[in-house]
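Using this note's numbering, the letters of the sequence shown correspond one by one to residues 34 to 137.
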Amino acid sequence: MKYKEFESELGNVAVTRDHIEREEVTEESKHWERITENFHDKELVDYIHLSEIEDIEYRDESVYPCIRIKTEDGWKKLFFHVGDNAEECFRILRYNWHAYKQTA
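Here it is as structure tokens:
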């Protein structure tokens, strides 16, 4: 399956034609520790099928920019680290999501 991969200190993210997923990080990360201290697991997303997305938006936070993804369960966040190519990932995801909605 064709996909676009984005490198991230929080785990690489792949955007495909029908989903987005973060590669599992095997090492302990102080960044993930900070994120999980401030956000419940239900607020985070590391895999989602495009059919589950109701809306998306990009937030350029200072240390952890994120793509906010609205689902039937509310807003979830896909975090990146400062310096990651999060905006390009968002553009590709938004394009694929709109294309998916037209064909579904």
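Glycine residues also receive a C-beta, built at the ideal position from the N, C-alpha and C atoms.
Mapping the DSSP letters down to three states, classify residue 138 as helix, strand or coil. With the chain represented from 34 up to 137, any question about residue 138 goes unanswered, as that position is not in the structure.
Beta-ladder partner(s) of residue 51, from DSSP: Mapped onto the sequence shown, residue 51 falls at position 18. Paired residue(s): none; residue 51 is not in a bridge.
Under 9 Å between C-beta atoms of residue 37 and residue 48: Position 4 of the sequence shown, counted from the start, is the residue given in the question as residue 37. Position 15 of the sequence shown, counted from the start, is the residue given in the question as residue 48. A contact, by the Cβ cut-off of 9 Å.
Run through the DSSP bridge pairs and tell me what residue 123 is partnered with. Within the sequence shown, numbered from 1, the residue matching residue 123 stands at position 90. As computed with DSSP, residue 123 is found in no beta bridge at all.
Close Cβ partners of residue 126 (< 6 Å) along its chain, the five nearest in sequence each way excluded: The sequence position of residue 126 within the sequence shown is 93, counting from 1. 48, 53, listed in sequence order.
Using alpha carbons as the reference points, say which of 80, 41, 106, 129 lies closest to residue 65. Here residue 65 is taken as the residue at index 32 of the sequence shown, counted from 1. Among 80, 41, 106, 129, the Cα nearest to that of residue 65 belongs to 41.
If I measure Cβ to Cβ from residue 68 and keep anything under 7 Å in the same chain, skipping five residues before and after, which residues do I get? Here the question's residue 68 lines up with position 35 in the sequence shown. Result list for residue 68: 97, 112, in chain order.
Expressed to the nearest angstrom, what Euclidean distance is found between the alpha-carbon atoms of residue 123 and residue 91? Against the sequence shown, residue 123 aligns to sequence position 90. Against the sequence shown, residue 91 aligns to sequence position 58. Cα to Cα, the separation comes out at about 7 Å.
For residue 97, which of helix, strand or coil comes out of DSSP? The residue labelled residue 97 in the question sits at position 64 within the sequence shown. Three-state DSSP puts residue 97 in coil, outside helix and strand.
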